[in-house]
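Below you'll find the structure, written out as structure tokens, and then a few comments.
Number of protein chains: 2
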Amino acid sequence: MKLEPSKFYKAFAPRVTVLVTTIDVKGRVNAAPFSFAMPLSMNPPLVALGINYASNTLENISETREFVVNIPSNEIIDQVFKCSKTFPKGVSELEKTGLSKLKSSKVRPPRVAECVAWFECKLEWMHEAGDHMLVTGSVVEAEVKKELLKKNGNLDAEKARVLMHVGGNEFAVPFMI
Amino acid sequence: MKLEPSKFYKAFAPRVTVLVTTIDVKGRVNAAPFSFAMPLSMNPPLVALGINYASNTLENISETREFVVNIPSNEIIDQVFKCSKTFPKGVSELEKTGLSKLKSSKVRPPRVAECVAWFECKLEWMHEAGDHMLVTGSVVEAEVKKELLKKNGNLDAEKARVLMHVGGNEFAVPFMI
Numbered sequence: 260m261k262l263e264p265s266k267f268y269k270a271f272a273p274r275v276t277v278l279v280t281t282i283d284v285k286g287r288v289n290a291a292p293f294s295f296a297m298p299l300s301m302n303p304p305l306v307a308l309g310i311n312y313a314s315n316t317l318e319n320i321s322e323t324r325e326f327v328v329n330i331p332s333n334e335i336i337d338q339v340f341k342c343s344k345t346f347p348k349g350v351s352e353l354e355k356t357g358l359s360k361l362k363s364s365k366v367r368p369p370r371v372a373e374c375v376a377w378f379e380c381k382l383e384w385m386h387e388a389g390d391h392m393l394v395t396g397s398v399v400e401a402e403v404k405k406e407l408l409k410k411n412g413n414l415d416a417e418k419a420r421v422l423m424h425v426g427g428n429e430f431a432v433p434f435m436i
Numbered sequence: 260m261k262l263e264p265s266k267f268y269k270a271f272a273p274r275v276t277v278l279v280t281t282i283d284v285k286g287r288v289n290a291a292p293f294s295f296a297m298p299l300s301m302n303p304p305l306v307a308l309g310i311n312y313a314s315n316t317l318e319n320i321s322e323t324r325e326f327v328v329n330i331p332s333n334e335i336i337d338q339v340f341k342c343s344k345t346f347p348k349g350v351s352e353l354e355k356t357g358l359s360k361l362k363s364s365k366v367r368p369p370r371v372a373e374c375v376a377w378f379e380c381k382l383e384w385m386h387e388a389g390d391h392m393l394v395t396g397s398v399v400e401a402e403v404k405k406e407l408l409k410k411n412g413n414l415d416a417e418k419a420r421v422l423m424h425v426g427g428n429e430f431a432v433p434f435m436i
């Protein structure tokens, strides 16, 4: 059946949900989930995010030019979902949801301790793209929980229980085939 | 454990694998799988792909400015994997793998009949991004198999058995939580 073109993303699912941490010019931490997100280049390592214009995340990245892409598992689905709510600017979603900050190695925004992988990024370039801003970041440090990386170098996606957004409040986890 | 930054994408998984169909200036059909792919904007509807420079897909999109993003299920995993191999330019991966063409509504490249959703796209803009080209397309027609869209408007991702790439020849399907 035909979909309104503006609803095409409903059939482009599920999508890995990332939790993006940023800081504002005063150093206050923000965390927000996004599912318009993908790797873009391996060498140099680049990540791409589609971010809505009204978000504090976009304002923070524009001002401080750094962010961390945190990969959550379904263990923190409730906290991730809560982070999608609008809190006043300067209020830390991490504190409000009980998630813990972990110091990053090469950027100022913290990692989220309860996640399973972390990509520390510096803003590369942005490009307007309809109702979202395309934000690309250079990955300056990448880390994954040791027990989730298999000997062949692939993620143990099933063990990681990577949280993937289907739509609304519906999520999925991967099942290996 | 730390990852080489160039390997960060290994921990950014699994990713929906799309089969992109294009035509060259002579009208010959090409099909190739990509997993650096995401929705980018809803209104206007835009899709983003990270495409390696050497691919016929990028050459075709540059020349004919149209493409179809086809969403495969795991039922055609072998055919999708075969499409990732390099065939000489002008050789149709669809014919080589036994997949069927379905006429598109608004663009010249065909859809792949065996897929579960289809987004017909016109090239919007491209931007160099490391070892990949960031290609964005305007979605001019979107369709999904009727039995896979739930009444709430979300994809029945588990029934669709959307094919997601983990790494190498490892794939996953979604399991609702």
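Chains A and B are the protein sequences, given in the same order. End of the first sequence = 436 in our numbering, gap-free, step of one. End of the second sequence = 436 in our numbering, gap-free, step of one. Virtual Cβ for every residue (Gly too), placed ideally from N, Cα, C. Only a predicted model underlies this, so the values are computations on that prediction, with no experimental measurement involved.
Host alpha helix (DSSP H) of residue 282 of chain A (start-end): Premise fails: residue 282 of chain A lies in the beta strand (DSSP E), 277-282, not in any alpha helix (DSSP H).
Beta-carbon proximity list for residue 383 of chain A, same chain, < 7 Å, skipping 5 on both sides: 305, 395, 396, 397.
Neighbour flag for residue 304 of chain A against chain B, beta carbons, 8 Å: The beta-carbon of residue 304 of chain A is placed less than 8 Å from the nearest beta-carbon of chain B.
Under 8 Å from the C-beta of residue 299 of chain B: neighbouring residues of chain A: The answer, in chain order, is 295, 309, 388, 389, 391, 393.
C-beta atoms of residue 292 of chain B and residue 276 of chain B nearer than 8 Å: Yes; because the gap between Cβ atoms is below 8 Å, this pair is in contact.
Three-pair Cβ contact test at 8 Å for the segment 425-433 of chain A versus the segment 323-343 of chain B: Counting Cβ pairs under 8 Å, fewer than three are found: no touch.
Contact set between residue 396 of chain B and chain A, taken where Cβ atoms lie within less than 8 Å: Neighbours of residue 396 of chain B on chain A: none; closest Cβ ~11 Å, over 8 Å.
Cβ neighbour criterion (16 or more within 10 Å) applied to residue 362 of chain B: By the Cβ-count criterion, residue 362 of chain B is exposed, with fewer than 16 other Cβ atoms from all chains shown falling within 10 Å of its own Cβ.
Cβ of residue 272 of chain B within 8 Å of any chain A Cβ: Answer yes: the Cβ-Cβ gap between residue 272 of chain B and chain A drops below 8 Å somewhere.
Spatial neighbours of residue 303 of chain B in its chain, beta-carbon cut-off 7 Å, leaving aside the 5 residues before and after: Correct list, in chain order: 397.
Under the three-state DSSP convention, the category residue 263 of chain A falls into: Here residue 263 of chain A carries a coil assignment [DSSP, helix/strand/coil].
Interface positions of the segment 423-436 of chain B facing chain E (Cβ-Cβ less than 8 Å), listed along the chain: Going by chain labels, chain E is absent from the structure shown, which instead holds the protein chains A and B.
C-beta neighbour in chain B for residue 416 of chain A, strict 8 Å: With its beta carbon less than 8 Å from one in chain B, residue 416 of chain A belongs to the interface.
Among B:405, B:297, B:369, nearest to residue 354 of chain B - alpha-carbon criterion: It is B:369.
Residue span of the alpha helix (DSSP H) that contains residue 350 of chain A, given as start and end: Counting along the chain, residue 350 of chain A falls outside any alpha helix (DSSP H), and DSSP gives it neither H nor E.
Neighbouring residues, chain A, relative to residue 265 of chain B (Cβ below 8 Å): 301, 302, 303, 304, listed in chain order.
Cα-Cα separation, residue 436 of chain A to residue 283 of chain A: Approximately 42 Å, taken between the alpha carbons.
Spatial distance of residue 402 of chain A from residue 272 of chain A (CA atoms): Residue 402 of chain A and residue 272 of chain A have their C-alpha atoms roughly 25 Å apart.
Chain A within 8 Å of residue 317 of chain B, Cβ atoms only: At a cut-off of 8 Å between beta carbons, residue 317 of chain B makes no contact with chain A.
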